[in-house]
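Colleague: By our numbering, the letter at position 135 of the sequence shown is numbered 140, and the numbering carries on one by one without gaps.
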Amino acid sequence: MPGKAIIIVKKDPSRDKREQRRWNSERDLNCARENLHDLRKKISKVEKEIDRLSEAKETLEEYNEKFKGVIQQEEGRASRKAVKSGTRRLQESQNTCSDQGLKLNKLKNERYELEEIERDWETWRAYVEEECHRRAVFEARIRNEEPQSYESWKKGGYRSVT
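(1) Whose CA, out of Glu121, Gly106, Glu150 and Val142, lies closest to the CA of Thr56?
(2) Return the Cβ separation of Arg140 and Leu41 in integer angstroms, given the expectation that the two are a contact with Cβ distance under 8 Å.
(3) Please state whether the Cβ-Cβ distance between Leu58 and Leu109 is less than 8 Å.
(4) In whole angstroms, what separates the C-alpha of Met6 from that of Arg32?
(5) Taking the alpha carbon of Lys172 as the reference point, which residue from Thr92, Cys36 and Glu54 has its own alpha carbon closest?
(6) Do the segment 60-67 and the segment 85-105 meet, that is, are 3 or more Cβ pairs less than 8 Å apart?
(7) Below 8 Å on the Cβ atoms is my guess for Glu115 versus Val51; work out the distance and round it to an integer in Å.
(8) By alpha-carbon positions, which one of Ala145, Glu134 and His138 ends up nearest to Ala37?
(9) Hey, out of Val75, Ile76, Ser103 and Glu79, whose CA is closest to Ala61's CA?
(10) Return the CA-CA distance between Asn149 and Lys9, expressed in angstroms with no decimal places.
(11) Where does Gly106 fall in DSSP's three states?
(12) Note down the Cα distance separating Ala145 from Asn29, rounded to an integer number of angstroms.
Right under this line is the structure:
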């Protein structure tokens, strides 16, 4: 037989799966709140690291300026080897300072990205709360309306009681 027909029978999804597909406002609200809480923790952690790194960088810059002044003062009196050693240490310290500046910039960028994500989640949370409120108002209005029989609804159309 050349052409056999294949029939695929799909079962209706179980009640649990249907419930999962339905929009669950509480689940979305909890998810948004948890994500906002986690983001705020991360932002706080990044800001503490930024503060720590900023202070360390400022201290190092001050130290470098003082060290540079000492090298310039002692240049005529100190041996060439001591001046070279001091200059090399100053260069290493300046490199460390510039590395900290790069880390600081990366942390600031990370903080800005986290704040942007936080604003998006805040917008989503506000939307979900607003939608929950609209649904609650709608359901309350539906519950307070007079039930109509099918025949009266068919004759007169849909009229809400206000």
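Yeah, the Cβ is synthetic: ideal placement off N, Cα and C, and Gly gets one too.
Modeller: On the basis of the coordinates in this document:
(1) Residue 56 is actually Asp in this sequence, not Thr. The shortest Cα separation from Asp56 among Glu121, Gly106, Glu150 and Val142 belongs to Gly106.
(2) Arg140 to Leu41, Cβ: 22 Å. No contact.
(3) yes
(4) With a pLDDT of 48 at Met6, under the threshold of 50, the modelled position of that residue is not reliable, and the figure given next carries that caveat. Cα-Cα distance, rounded: 53 Å.
(5) For residue 172 there is no data in the structure shown, the boundaries of the chain being 6 and 167.
(6) yes
(7) 6 Å
(8) Per the Cα distances, Glu134.
(9) Ser103
(10) 57 Å
(11) helix
(12) 18 Å
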